Each structure stands twice: as C-alpha cells, then as structure tokens.
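Visitor: Below you will find the structure I want to go over with you.
Number of protein chains: 4
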Amino acid sequence: MEKIKAAVVGSTGYAGEELVRILSNHKNVELKFLTSRSYKGQNFQDVYSNFNKVLDINLIEDDIETLSNEVDVIFLALPHGIASSKVTKETLGKTKIIDLGADFRLKSKTVYEKWYNVEHLGENLLDEAVYGLPEIYREEIKKTNLIANPGCYTTCSILSLYPLFKNNLIETNSVIIDAKSGVTGAGRSVSLGVHFSETNENIKAYKIASHRHTPEIEQELTNAIKKDVVIQFTPHLIPMNRGILTTSYLKLKDGFTFNDVKEAYFEQYKNEKFVRLLKDGIYPETKWVKGSNYIDIGLFFDRRTGNVIVQGAIDNLIKGASGQAVQNMNLTFGFDEIEGIKTAGIFPV
Amino acid sequence: MEKIKAAVVGSTGYAGEELVRILSNHKNVELKFLTSRSYKGQNFQDVYSNFNKVLDINLIEDDIETLSNEVDVIFLALPHGIASSKVTKETLGKTKIIDLGADFRLKSKTVYEKWYNVEHLGENLLDEAVYGLPEIYREEIKKTNLIANPGCYTTCSILSLYPLFKNNLIETNSVIIDAKSGVTGAGRSVSLGVHFSETNENIKAYKIASHRHTPEIEQELTNAIKKDVVIQFTPHLIPMNRGILTTSYLKLKDGFTFNDVKEAYFEQYKNEKFVRLLKDGIYPETKWVKGSNYIDIGLFFDRRTGNVIVQGAIDNLIKGASGQAVQNMNLTFGFDEIEGIKTAGIFPV
Amino acid sequence: MEKIKAAVVGSTGYAGEELVRILSNHKNVELKFLTSRSYKGQNFQDVYSNFNKVLDINLIEDDIETLSNEVDVIFLALPHGIASSKVTKETLGKTKIIDLGADFRLKSKTVYEKWYNVEHLGENLLDEAVYGLPEIYREEIKKTNLIANPGCYTTCSILSLYPLFKNNLIETNSVIIDAKSGVTGAGRSVSLGVHFSETNENIKAYKIASHRHTPEIEQELTNAIKKDVVIQFTPHLIPMNRGILTTSYLKLKDGFTFNDVKEAYFEQYKNEKFVRLLKDGIYPETKWVKGSNYIDIGLFFDRRTGNVIVQGAIDNLIKGASGQAVQNMNLTFGFDEIEGIKTAGIFPV
Amino acid sequence: MEKIKAAVVGSTGYAGEELVRILSNHKNVELKFLTSRSYKGQNFQDVYSNFNKVLDINLIEDDIETLSNEVDVIFLALPHGIASSKVTKETLGKTKIIDLGADFRLKSKTVYEKWYNVEHLGENLLDEAVYGLPEIYREEIKKTNLIANPGCYTTCSILSLYPLFKNNLIETNSVIIDAKSGVTGAGRSVSLGVHFSETNENIKAYKIASHRHTPEIEQELTNAIKKDVVIQFTPHLIPMNRGILTTSYLKLKDGFTFNDVKEAYFEQYKNEKFVRLLKDGIYPETKWVKGSNYIDIGLFFDRRTGNVIVQGAIDNLIKGASGQAVQNMNLTFGFDEIEGIKTAGIFPV
C-alpha cells in the first residue's frame with residue numbers, strides 16, 4: 000500500500016515527540032520531515048534518545064510553504080499565534096494541516112484575541128477549520144484540509160460532558176470542572192514551576208478562572224445544548240508525568256433521573272472506539288489510559304445534592320494531543336480510524 | 000517546669016507516629032506510654048527507625064482504664080468504633096482524652112450510625128465531647144476532658160469555608176468541595192490500593208458521595224450558618240506522601256462582593272496563629288505547609304460565573320491530625336497554644 | 000499468514016500482563032489462553048482495566064498438560080519451583096515452553112537448590128533448556144523447545160559485561176555490580192515493603208550478598224571467560240515504577256586499553272537489534288529504554304583507578320522479562336526477531 | 000541566656016533555606032541577616048512561603064566585611080570560588096565563618112585548582128580552616144574561626160568508611176563508592192536536567208570519575224590511614240527530593256574478620272550523638288534519616304568475595320550541609336552539640 004508523506008513541525012516538544020512515536024509505527028505513513036527551532040541541525044534521536052536505532056531524521060527549520068509542496072499532511076505543534084500567521088489558503092490547496100495548537104479552535108476571532116491576547120491573523124481560515132474531536136465532528140473532519148486539534152483539558156472535559164448538554168439534562172449555570180494534570184502538560188521548557196524539587200510531592204492549582212482552555216470548552220458545550228454555557232474550570236498540577244483527570248459537577252434538571260444520564264452516554268458513545276464508559280461504581284484512573292488513545296468516563300449521582308458527577312481520564316499527550324491528531328489524520332485520509340493508536344495502555348509505567 | 004504525663008494509644012499508625020514525634024519534642028510533656036496492638040512488646044524505634052537514638056519506649060497493649068490512672072492525657076489514634084466503647088465517664092474523671100478518631104465528632108448518634116454503620120456505644124459522652132477545631136471552639140476546648148479531634152479533610156474544608164458560612168455570604172445549596180490527598184491519608188495497612196506501582200503516577204477519586212468526613216463538615220458548616228447545609232464532597236488520591244488540598248466552589252449571594260469575602264476571612268482569622276491567608280493571586284500549595292501545623296487559604300472569585308473559589312492546604316498528619324491534637328492539648332492544659340508546633344514547614348522534602 | 004497459538008500461565012502478575020500486551024499486538028500470534036490462580040473466572044480486563052475494549056479473555060486455572068495440547072507455545076510467569084514440577088518431556092513434545100521464572104536458568108541442580116532452597120524436580124530437562132539470552136544463545140534458542148528466559152537484573156548485568164569476559168579484558172576477582180531497580184521488579188503482591196508511603200521518596204538496598212540472580216550472572220560470565228567468576232551483586236529499590244540501571248566496576252587487565260574495551264563491545268554487538276552502545280560520555284538513563292526492548296550500554300574508564308565502569312539500562316518488564324520472551328519466541332518460531340517489540344520507548348511516561 | 004548573632008549568606012538556595020529553618024528554631028541564635036543575590040529586596044518568606052508567619056526578614060545583598068562587624072557567625076552557602084576571594088584574615092578576626100561551600104575543604108591549593116578549574120585566592124587561610132566533620136575534628140573545630148563544612152556525598156562517604164581506614168582493615172586500592180542522591184543535591188537552578196518530567200521515573204549516573212567531591216573524600220581517608228588513597232566515586236540521581244545513600248565496596252585485608260570491622264565502628268562511634276550503627280542485617284534507608292542530622296550506617300560482609308560492603312544514609316541538606324553546619328557552630332561556640340538538631344526525622348514525608 001502506498002503511504003502518505005507527513006511532516007511534523009515543532010517535533011521536539013512533548014506532544015511533537017509523542018506524535019513522532021505514533022507516526023513512526025503507522026503503516027500508512029512515511030515520516031518525511033521533522034522541524035525544530037531549538038534543535039535544528041541535530042538528529043531527532045540526539046534530542047530524544049528513545050529513538051536511537053529506531054528513527055534517523057535530521058531536524059530542519061520549519062517552512063510551512065516549502066513543506067506543503069513535499070508532503071500530504073503537516074502536523075503543527077507550535078505555540079499559539081504562529082500557525083495562524085503561517086498557514087494560508089494556498090497551503091491548504093496543497094496539503095492537509097492538522098494543528099495541535101490553539102489558533103483555529105475558537106470560531107470567534109474576538110474570543111480568541113480576548114483569551115490569548117494576540118491578534119488573530121488567519122481569520123479567513125476559521126470557516127474551513129474543523130474542530131478535531133472525532134466523536135463529535137467525524138464527518139466534517141473527513142472533508143476538511145484544516146483540522147484544529149483540541150487541547151488536552153478540553154478533550155477530556157468535552158467528551159466527558161457532551162451527552163449531558165446534547166440531551167439537555169442539566170442546569171447550564173452550574174457547571175464546575177475541577178481538572179488535574181500531570182506535569183508534561185506544562186511542556187518541556189525549563190522554569191522553577193517544573194523544577195523536580197518544587198513539583199514533586201506537591202499539588203497546586205493555577206490560572207483559576209483564567210485558563211485558555213475555558214472558551215474552547217464553552218464553545219463546544221454551547222454548540223451541543225444550543226444556548227450559552229459558562230463554565231467554572233480549574234486546572235491543578237499533580238506530581239506525575241502523564242494523565243488528566245477531570246471531575247465535573249452539574250445539577251441534574253428536574254424531571255430527569257440518573258438512568259436518563261447513563262442512557263444518554265450509552266447512546267452517544269456506543270459505537271465509539273476510543274470512549275470507554277466504566278461500569279457503575281468504577282472510578283476512572285489515569286493509569287489505565289496512560290499510553291493509549293482512550294478516554295475512560297465514570298458517571299456518579301448524589302441523591303443528597305442532586306448533582307451528577309462525571310469523571311474523565313485521558314493520556315494528555317495521546318487522546319489529549321498526538322493520538323487524537325492521528326485519529327483525525329486517519330479519518331481525513333480514509334484510513335482505519337484506529338490505525339496506529341489501537342493498543343492498550345502500558346501499565347505500570 | 001513540671002511536665003504532664005501523656006500516653007498515645009495506637010501509636011504505630013502514621014498519625015500516632017507523627018504525634019509521638021511532636022510530643023517527644025514538647026517541653027511540657029513527658030511521653031510515658033505508647034500502645035500498639037500490632038507491635039506490642041517491640042520497641043517503638045524498631046517500628047519507626049527514625050526514632051533510633053531519640054526515643055526508647057516499649058510498646059504495650061492498650062488498656063485505657065489502667066492508663067487513665069497513670070497519665071494526665073491519653074491520645075487515641077484508633078479505628079472508629081473502639082474509642083466510644085472504651086472511654087467512660089469514669090475515665091474522664093481521671094484523665095483527659097484527645098481522640099483522633101471519629102467516634103465523638105458527630106453530635107448525632109443517628110448520623111454517626113448511618114455513615115459509620117456501627118452502633119455508637121458512648122452516646123452519654125457526646126455532650127461532654129468538644130469538636131477539637133481550636134479556631135472555632137477554643138474556649139470550649141479549654142474546659143473539656145474529651146476532645147474530638149477533627150479529620151484531615153474536615154479540618155481543611157471547614158477552616159477554609161467557615162467565614163463564608165458564618166457571615167452568610169453564599170448560597171448553601173451550591174457547595175462543592177473537591178479534595179486531593181496524599182497517600183498517608185490512607186494509613187499504613189497494606190492493600191493493592193496503596194501498592195507503590197498502583198498508586199504512583201496515578202490519580203483517582205474514591206468514595207464519591209459517600210465519604211465519612213461529609214457529615215462532619217456539614218455539621219460544622221450548619222452550625223456556622225444556622226441552617227441545614229448539604230455539601231458535595233469528593234476525595235482524590237494523589238501520588239505523594241503528605242498533604243491535602245481542597246478546592247471549593249460556592250455561589251456568592253446577591254448583594255455581596257469579593258471584598259466582603261476577603262474581609263470576612265480577615266476578621267475571622269486575623270489573630271489566628273496557624274491560619275495563613277495568602278495574598279491575592281497566590282495559590283496554596285501543599286509543599287509550603289508540609290511538616291507544619293499551618294493551613295494556607297487562598298481566595299478567588301470568578302466574575303463570569305459568580306463563584307467564590309476557596310482553596311485550603313494542610314499537612315494531613317499535622318494540622319489534619321496530630322499537630323491539631325497537640326494544639327488542643329496545649330489549650331486544655333493552659334500551655335502556649337503554639338508550643339511544640341510552632342515551626343515552619345520543611346521544604347523541599 | 001497463519002498465526003501460532005499462545006497461552007500465558009500466570010498472566011496477572013506484572014510480567015504476565017506486559018507479555019499479554021505485547022502478544023496482543025503481535026501479528027504472528029493468536030492469544031488463546033490466559034491463566035491466573037488469584038483471578039480465575041474473571042475477565043483479564045477486570046484485573047487490568049487498560050485492556051478494556053482491547054482484549055476479552057476469561058482467566059482460567061493453569062493446567063500445563065491440557066494447554067500443551069491446544070497451543071504452540073506456553074509462556075510461564077510463575078514463582079520458582081512450580082515450572083520444574085509441572086513441565087515434562089512429554090509437554091515439550093507437544094508445545095514449546097518459554098519460562099520467565101528461574102527454574103531452568105541454572106545448569107546446576109546443586110547451585111539452584113542452594114540459592115533457592117527448594118528441591119529441583121525437573122533435573123532431566125536441564126540439558127534441553129536453553130538460557131534465553133538471544134544475543135548470546137541465538138542459534139541454540141532457535142532449536143529448543145524449552146527456553147529459560149533470564150531474570151531482569153541478570154539480563155542487564157550479563158549483556159552489559161559480556162564482552163569484557165568474552166575477551167578476557169578484566170580481572171575476574173574484582174567484579175562489582177551495583178544495581179538499581181524500579182518497584183515493579185518486586186511484583187504485585189502487597190506488603191509493607193511496597194506500600195507507597197514506605198517506598199516513595201526512599202532508597203534502600205536489599206539482599207546484599209544473597210540475591211538469587213547472583214549465580215545466574217556468575218554462570219554466564221564464567222561461560223564467557225572460561226574460568227570461575229564470583230561477583231559482588233547489590234540490588235537497590237528506587238522510587239519509580241519501571242527500569243533497571245546497573246553500574247559495574249571492573250579492573251582492566253594490564254596490557255589493555257579502554258580502546259580495546261570499546262572495540263570488544265562494538266564487535267560483539269554491532270549487528271544486534273536491541274543493544275545500543277552509547278556515544279562516549281553519554282550516560283544510560285532508564286527513561287530512554289522504558290517501554291522498549293532495548294538495552295543501553297555506556298562505557299567509562301577512570302585512568303586514576305584503572306577501573307572500567309560499565310552501565311546498562313533496561314525496562315525490567317520488557318528486555319528484563321516479557322519483551323525478551325517474545326524475542327525468544329520470534330527466534331524459535333522463525334519470525335522476524337524484532338516483530339512485536341520493535342518500537343521506541345515511550346517518554347515521558 | 001544571651002544569643003549569638005548570625006548571618007546566612009546565600010540563604011535562598013536549598014542548603015541556605017534549610018539552615019535558616021534550623022537556626023530560626025535554635026535557642027542560642029538570633030538570626031540577624033539573610034542575603035541573596037537573586038532575591039535581594041524581597042522578604043525571605045516571599046521566596047519560601049513555608050516561612051510565612053514564622054520569619055520576617057528582608058533579603059540583603061551580601062557584603063561579608065560589613066556583616067563581620069555585626070554578627071558573631073557568618074554562614075556562607077555560595078558557589079565555589081566566591082568565599083575564598085571574599086573572606087580575609089581580618090574577617091576572621093571579627094567573626095567566625097562556617098563555609099558550606101568547597102573553597103576551604105581541600106588542604107592543597109593544587110588539588111583544588113585541578114578539580115575546580117579556578118584559581119584559589121585564599122591560600123593564606125587554608126591553614127586556619129578546619130574540615131568541619133565533628134566526628135573527626137571535634138577539638139579542632141572548637142578552636143577555629145574558619146570551618147570548612149563538608150559536602151553531602153563527602154560526609155556520607157567519609158563517616159561510613161572512616162573506621163576501616165583508621166584501623167587499616169582494608170586494601171586501599173579497592174575502594175568503590177556508589178552513591179545515590181535525591182534531586183535537591185542539584186540545587187534550585189533551573190535546567191532540563193532537573194525538569195520534573197525528565198527526572199521523575201528515571202535514574203542516571205553523572206560525572207563518573209570526575210565528581211568534585213572525590214578529592215575531598217580521598218584527602219580525609221588518606222589522613223586516616225596515613226597513605227595515599229585513590230577512590231572510585233560514582234554519583235547517581237534518584238527521583239526523590241532528599242537523601243543520599245552510599246554503597247561502598249572494599250576488600251578486607253587478610254588476617255582480619257568481619258568482627259574486627261564491627262568493633263572498629265563501635266569503638267569509633269560509640270559516643271557519637273549523630274551516628275547510628277544499625278543492627279546486623281538492617282539496611283540503611285534514606286527515609287529514616289530525612290529531616291534529621293543522623294547518619295545511619297550498615298555493615299555487611301560477603302564471605303564469597305571477601306568484600307566489606309558499607310552503606311551510609313543521610314539527609315543531604317541536614318547532615319550533608321546545614322545540620323552539620325549548626326553542629327559545627329554549636330561546637331565552636333560551646334553550645335550543646337545537639338542543640339537545634341536533636342529531633343527525630345520526619346516520616347513519611
């Protein structure tokens with residue numbers, strides 16, 4: 000079978016490197032180019048020694064225009080603000096773009112600029128961009144050339160809450176998402192905030208009421224329920240490498256029961272390959288999804304308070320970034336949706 | 000200065016051992032007896048080698064009646080159900096009891112029996128028992144012979160939320176406490192749930208809507224606001240040894256501002272030695288309280304949702320158990336309230 | 000392509016589970032039976048939730064005789080003493096056995112019984128058994144029906160030292176192997192020794208001068224240099240899940256240089272797929288091999304002391320157990336040696 | 000009792016901060032000045048929030064000459080090369096200096112300059128400097144004004160090996176010290192090497208055959224045995240915050256027995272307050288010394304190899320730095336040697 004050619008721009012961040020790992024095992028993909036501003040000129044395996052004897056590619060500087068002539072798909076793993084200034088309609092005429100960054104996720108230029116505090120230079124592409132959550136936008140993803148791959152907190156939050164909103168089962172003014180993330184979510188840049196001795200044996204919240212994944216979650220939940228949703232989103236940093244757990248609290252609407260909730264999830268996800276609804280009373284744990292593209296979802300109900308409590312667990316670098324990007328690639332190129340990402344998680348690791 | 004004599008019953012659990020450490024440095028205390036069912040006959044330092052060359056006491060079987068003739072204070076660090084069956088009015092006539100367990104915390108026998116699923120055998124002592132949260136019951140603690148030392152989640156939750164309820168600033172039907180605890184909170188007993196390879200690099204919730212600290216928190220918040228409070232309490236297990244962080248969400252009542260909130264906390268705690276209100280925008284982190292008796296409290300407000308978000312951080316074995324027990328002892332014997340527990344936390348550790 | 004049928008006996012320990020993960024992705028293998036004494040009757044995915052939606056097999060009790068009629072290969076992941084009492088010449092006439100336990104590794108019944116303190120009941124099979132280190136016994140492995148898969152410390156120690164002994168470059172009375180292992184090496188059974196709060200943030204040695212992997216290492220190094228080798232082997236427990244690092248110290252023989260050492264390693268391993276000799280000055284780190292079947296080897300020389308210092312790093316559950324078992328299976332069935340185990344490690348995880 | 004006045008220069012590194020913690024609890028000390036180049040002008044508690052409500056001191060720039068007029072003792076916690084250029088005979092006429100850095104530890108300017116690769120500017124003070132290991136130089140420490148506090152690896156190595164050399168029990172050409180350290184040993188500066196996700200779940204060696212603590216250990220062991228000692232020293236980085244474990248290997252000389260070894264240790268340390276010789280068969284673990292000034296020493300002998308294996312465990316920031324500095328201060332000012340550092344370690348933490 001002929002393989003498509005792929006490039007990863009920004010391959011030496013954690014999401015980029017995880018993407019390289021998955022793509023290098025993907026039977027339909029030839030990995031042609033890896034770029035890195037920090038390490039250009041070096042071999043990828045000198046930056047990530049786990050690829051020693053596995054992958055032998057030199058890192059080049061990124062030039063999206065040139066790459067678009069050479070490959071069938073370009074993955075972008077870049078800080079926000081760059082993709083929207085580099086990708087053009089012309090690029091999209093020549094190659095597909097799967098952007099792991101934030102630039103094309105929000106449909107509103109205004110909202111983007113408010114939360115990200117930079118001008119959005121690619122407004123003319125926002126219509127073409129499809130929000131890359133396959134469980135919701137599978138058909139649209141198949142047809143587009145520009146996929147805006149969701150953030151890690153976002154994927155976990157939206158997928159774990161979507162059926163409640165889609166089916167109008169909860170009060171929309173009561174949504175609280177308390178999220179906990181491993182440290183890889185903070186990236187590979189060095190700072191006191193990710194120093195081992197400052198992070199190990201510690202838990203803290205950050206960006207309460209101001210995290211940039213908030214509007215992304217609100218956009219998608221609003222789309223689902225067809226009215227404005229405002230959420231409370233609180234991220235915490237946990238002393239572990241990988242994994243996100245979200246614990247969400249919502250008031251069940253009068254007239255509905257916990258059974259309605261469970262049925263809504265079952266209906267929504269019964270055919271999904273990467274969504275696992277846990278049995279009654281089983282709590283999602285990040286260890287069971289680590290190294291895999293699965294999201295585990297647990298549903299709970301408290302009769303005393305009337306709250307539905309929903310938990311989602313994902314591997315932030317896989318279903319929260321690179322695995323989902325490959326799932327999107329599979330869809331948009333017509334490959335088997337699970338190709339390259341079908342394995343069980345690895346445990347204990 | 001003459002010293003009081005003390006006994007620790009159940010000294011070889013983690014809370015018991017931490018209590019021994021604090022008491023062995025306390026200038027007003029002579030540690031006379033340590034008991035342990037699992038290790039009786041052995042020396043305490045053979046169970047906890049950190050006490051090698053520091054403390055030389057043989058572990059005896061517990062017999063509260065006999066001990067009550069010998070010492071001025073008995074600390075109980077026992078599983079629930081035992082203290083209420085062993086302590087009597089006669090005991091309390093001879094010695095003071097500081098119970099780190101659950102038996103005398105709930106004022107209602109019915110509520111206790113519902114959540115703990117055992118018969119309460121010491122109902123006649125519930126009136127004498129004082130809930131051992133010095134910041135709220137300081138005067139009562141000074142006068143009693145039976146102190147019911149609060150649980151770890153409870154201390155952190157109540158202290159971090161009390162001013163909101165005391166001052167009637169929030170909607171009482173909206174209280175969500177999302178708590179995260181280190182693994183020492185689960186005790187020293189072995190099980191797959193505390194196996195290193197199952198716990199490390201993982202986060203999970205447990206006992207959603209059913210944790211036994213729930214009614215304790217509700218009791219005290221109800222007392223504060225003088226109307227029935229029902230809370231949503233969710234504990235999580237975090238891969239670290241010590242520390243609890245609670246993140247609580249409450250709707251601010253119409254007519255109040257975030258400034259009202261901050262003032263209420265300032266007024267409540269301005270003279271407290273062990274409560275630290277953090278500056279605006281500073282997040283509590285468990286690392287800053289580890290090894291100390293402090294609670295750090297951070298206050299946040301989200302204009303978009305109208306939620307007050309409150310975080311509390313404590314060392315679960317100190318302010319959440321043994322340090323607070325010593326604080327109570329100091330009060331009830333008329334020592335300086337901070338004696339033995341006045342040090343800064345130890346960091347990084 | 001037709002697939003061979005495989006059974007894993009003892010599939011619910013950590014090595015067994017990792018083996019199931021690798022085999023379930025192996026294109027030449029149909030996983031037919033999984034056994035477990037502790038969990039028989041349950042589904043494998045109820046014991047290891049990472050296999051939810053991936054693998055649907057019920058755990059049965061082990062009966063090697065029956066299994067031998069049904070499958071082409073049986074992997075044994077059992078405590079020592081069992082395999083040697085259950086496997087017979089008749090079994091080996093019907094199926095291949097790859098034993099991840101200790102019973103067939105030592106060629107001397109006497110040595111086995113001295114170190115393991117049990118009678119060896121399968122002495123008549125010791126001749127047929129091949130020590131399953133493909134880098135040394137590749138041709139023998141291809142021909143046998145009974146493969147004794149080496150231990151984790153052993154694999155790392157022997158492979159990292161073999162060229163020094165094979166080429167007679169070092170003084171044999173000076174061998175010190177200081178080994179460090181993650182906690183999965185201790186297995187899944189619960190005990191205070193693997194309690195999170197007792198293991199986390201701690202390092203300790205164990206079984207100094209008495210660890211059972213010692214005679215296995217000595218046997219193979221003795222074979223290499225053709226004279227008796229006695230080693231000093233010290234294992235340590237490190238607060239991490241996976242990985243072994245060995246740091247070995249040996250006196251270079253007079254007349255040889257560090258270049259001779261480097262050449263010996265290059266010659267020995269230049270065609271090996273799973274041995275990575277690191278560049279000068281690069282230290283092996285367990286993070287780079289985690290999740291892979293590689294061993295990374297670093298060579299150092301101290302002019303001041305005349306010592307060669309060799310470090311090896313492996314994933315104890317893969318190259319130190321299950322990955323190597325699959326490598327052996329590939330060889331003995333004529334599959335591509337790297338099939339199912341060719342991927343890069345996963346990082347950071 | 001009157002208190003001495005103390006200054007800590009370089010108070011915002013981990014050793015400096017731990018020193019501040021100990022001194023702030025020391026009954027004979029008034030902490031007058033804290034200096035910091037990175038944080039001058041800020042309050043110490045803004046850098047280390049564990050000191051919130053405990054200590055209220057503004058950080059000033061360091062000026063050793065000025066400080067020497069104000070205080071009785073100056074602790075220096077600085078990178079190497081600074082102390083030797085700033086301290087003068089005049090300084091030492093006015094105050095005592097306890098230097099936690101490397102500048103005055105090595106008696107030979109040549110050796111210092113070879114290993115540290117900078118010129119030594121304070122050669123005229125090397126005679127006055129006393130190597131601050133109280134268990135060996137107690138009397139000299141009492142009399143000097145310049146104490147060169149040993150390094151962390153050094154303290155653990157020397158104290159755990161000293162009796163073997165002092166009593167000439169081992170072959171001096173066979174000394175191997177395999178050391179394992181927590182990450183605080185690497186300091187608070189940020190780099191990829193201490194990034195949480197690069198350090199967690201990983202072990203590696205560093206500076207094989209080239210670590211700067213090597214000559215310090217050799218100097219003291221040479222002094223003990225009165226002939227030149229060359230050692231093999233290998234440090235490893237372990238994923239935990241605090242603690243050092245050294246595992247040392249030495250050949251017992253012909254004619255001596257393991258009993259001779261045990262007696263030598265007993266004789267050397269029987270009156271030492273901070274040295275704990277563990278019972279036969281007990282392994283030192285860093286968790287038992289964490290938070291304390293103790294060194295735990297375990298002795299082992301392998302009849303098969305003739306090796307004595309000695310393990311030492313310390314808290315690298317206490318007995319390996321700040322606790323020992325206070326022990327030295329106590330001695331040189333005539334306080335009780337254990338004042339301020341007499342507590343048991345804190346566990347589990």
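Protein chains in written order, with numbering that gives the first Met the number 0: chain V, 0 to 348; chain B, 0 to 348; chain Z, 0 to 348; chain C, 0 to 348.
Using N, Cα and C, we set each Cβ at its ideal position, and we do this for glycine too.
All values derive from a computational prediction rather than experimental measurement.
When you compare the CB of L191 (chain B) with every CB in chain Z, is at least one pair closer than 7 Å?
Guide: Cβ-Cβ to chain Z under 7 Å: yes for L191 (chain B).
Visitor: Can you tell me where the beta strand (DSSP E) with I73 (chain Z) in it begins and where it stops?
Guide: 72 to 75
Visitor: Which word fits T109 (chain Z), buried or exposed, when buried means at least 16 other C-beta atoms lie within 10 angstroms of its C-beta?
Guide: T109 (chain Z) comes out exposed.
Visitor: Against chain B, which members of the stretch 51 to 72 of chain C pass a CB distance test of less than 8 Å?
Guide: N51, K52, V53, L54
Visitor: Pairs of beta-carbons, one from the stretch 241 to 248 of chain B and one from the stretch 256 to 276 of chain B, closer than 8 Å: are there three or more?
Guide: Between the stretch 241 to 248 of chain B and the stretch 256 to 276 of chain B there are fewer than three C-beta pairs closer than 8 Å, too few to call the two in contact.
Visitor: The alpha helix (DSSP H) with R104 (chain C) in it runs from where to where?
Guide: Element bounds for R104 (chain C): n/a, residue is neither H nor E.
Visitor: Where Q310 (chain Z) and I63 (chain V) are concerned, what is the direct C-alpha to C-alpha distance, given to the nearest angstrom?
Guide: 42 Å
Visitor: With the cut-off set at 7 Å, would you say I5 (chain B) and L22 (chain B) are in Cβ contact?
Guide: In the sequence on display, residue 5 (chain B) carries Ala and not Ile. A contact, by the Cβ cut-off of 7 Å.
Visitor: Report yes or no: is there a C-beta of chain B within less than 7 Å of the C-beta of S159 (chain C)?
Guide: For S159 (chain C), the closest Cβ of chain B is not nearer than 7 Å.
Visitor: Ends of the beta strand (DSSP E) at S247 (chain C)?
Guide: Note, S247 (chain C): beta strand (DSSP E), 243 to 250.
Visitor: Would I317 (chain B) pass as an interface residue toward chain C - the criterion being a Cβ-Cβ separation below 7 Å?
Guide: no
Visitor: Residues of chain E with CB closer than 9 Å to the CB of N49 (chain Z), please, in chain order.
Guide: This model lacks chain E altogether; the protein chains it does include are V, B, Z and C.
Visitor: Is any beta-carbon of chain Z found at less than 7 Å from that of G260 (chain B)?
Guide: Before going on, a small fix: residue 260 (chain B) reads as Val here, not Gly. No, V260 (chain B) lies away from the interface with chain Z (no Cβ there is under 7 Å from its Cβ).
Visitor: V46 (chain Z) touches chain B at which residues, Cβ-Cβ below 8 Å?
Guide: Within chain B, no residue comes near V46 (chain Z); the closest Cβ sits about 10 Å away, beyond 8 Å.
Visitor: Can you look up G280 (chain B) in the DSSP assignment and give me helix, strand or coil?
Guide: coil
Visitor: Excluding the five sequence neighbours on either side, which residues of its own chain have a C-beta within less than 6 Å of the C-beta of G9 (chain Z), listed in chain order?
Guide: G15, A76, L77
Visitor: Which residues, taken in chain order from the stretch 3 to 28 of chain V, show a beta carbon closer than 9 Å to some beta carbon of chain Z?
Guide: If the cut-off is 9 Å between Cβ atoms, the stretch 3 to 28 of chain V has Y13, E16, E17, V19, R20, S23, N24 near chain Z.
Visitor: Per the DSSP calculation, A6 (chain B) is bridged to which residue(s)?
Guide: B:F32, B:I73
Visitor: Starting from the Cα of D301 (chain Z), find the closest Cα among C:N240, C:T213, C:S190 and give me that residue.
Guide: C:T213
Visitor: Under 7 Å, do T221 (chain C) and V228 (chain C) count as touching if we go by C-beta distance?
Guide: yes
Visitor: If we call anything under 7 Å between Cβ atoms a contact, is I97 (chain Z) one with N327 (chain Z)?
Guide: Less than 7 Å separates the beta-carbon of I97 (chain Z) from that of N327 (chain Z).
Visitor: Just mark K179 (chain C) as buried or exposed, buried being the case when its beta carbon has 16 or more other beta carbons within 10 Å.
Guide: By the neighbour-count rule (16 or more Cβ atoms within 10 Å), K179 (chain C) is buried.
Visitor: Flag this pair as touching only if the stretch 24 to 34 of chain V and the stretch 44 to 61 of chain V have three or more C-beta atom pairs under 8 Å; answer yes or no.
Guide: Contact annotation: the stretch 24 to 34 of chain V touches the stretch 44 to 61 of chain V, with at least three C-beta pairs closer than 8 Å.
Visitor: Assuming G405 (chain Z) and E215 (chain Z) form a contact by the criterion Cβ under 8 Å, report the distance between their Cβ atoms to the nearest whole angstrom.
Guide: This structure cannot settle anything about residue 405 (chain Z), because the visible part of chain Z is limited to 0 through 348.
Visitor: Does the beta-carbon of S196 (chain C) have 16 or more other beta-carbons within 10 angstroms, so that it is buried, or is it exposed?
Guide: buried
Visitor: If you measure from the beta carbon of H194 (chain C) to each beta carbon in chain V, is any gap under 7 Å?
Guide: True, the Cβ-Cβ gap to chain V drops below 7 Å.
Visitor: Does any CB atom of chain Z fall closer than 7 Å to the CB of R241 (chain V)?
Guide: yes
Visitor: What is the C-beta distance between A128 (chain Z) and F103 (chain Z), in whole angstroms, given that I count them as a contact (C-beta under 8 Å)?
Guide: 4 Å
Visitor: Between T183 (chain Z) and chain V, is there a C-beta pair that is closer than 7 Å?
Guide: Yes - at least one Cβ of chain V is within 7 Å of the one on T183 (chain Z).
Visitor: Against T233 (chain Z), what residues of chain C qualify as contacts under a CB-to-CB distance less than 7 Å, listed in chain order?
Guide: T246, I308
Visitor: Please go through the stretch 131 to 172 of chain B and give each complete beta strand (DSSP E) segment of 3 or more residues, from N-terminal end onward.
Guide: 145 to 147
Visitor: May I ask you to report which of helix, strand or coil DSSP gives L298 (chain C)?
Guide: Strand, per DSSP.
Visitor: My output table needs one value for N20 (chain Z): the three-state DSSP class, helix, strand or coil.
Guide: The question names Asn, but residue 20 (chain Z) is Arg in the sequence shown. Here R20 (chain Z) sits in helix by DSSP.
Visitor: Residues of chain Z with CB closer than 8 Å to the CB of T304 (chain B), please, in chain order.
Guide: Those do not exist, as T304 (chain B) stays about 34 Å from chain Z at its closest Cβ, beyond 8 Å.
Visitor: Should G254 (chain V) be labelled buried (16 or more other beta-carbon atoms within 10 Å of its own) or exposed?
Guide: exposed
Visitor: On the DSSP bridge assignment, give the partners of A353 (chain C) in chain order.
Guide: Past the edges of chain C, shown from 0 to 348, lies residue 353 (chain C), and the structure says nothing about it.
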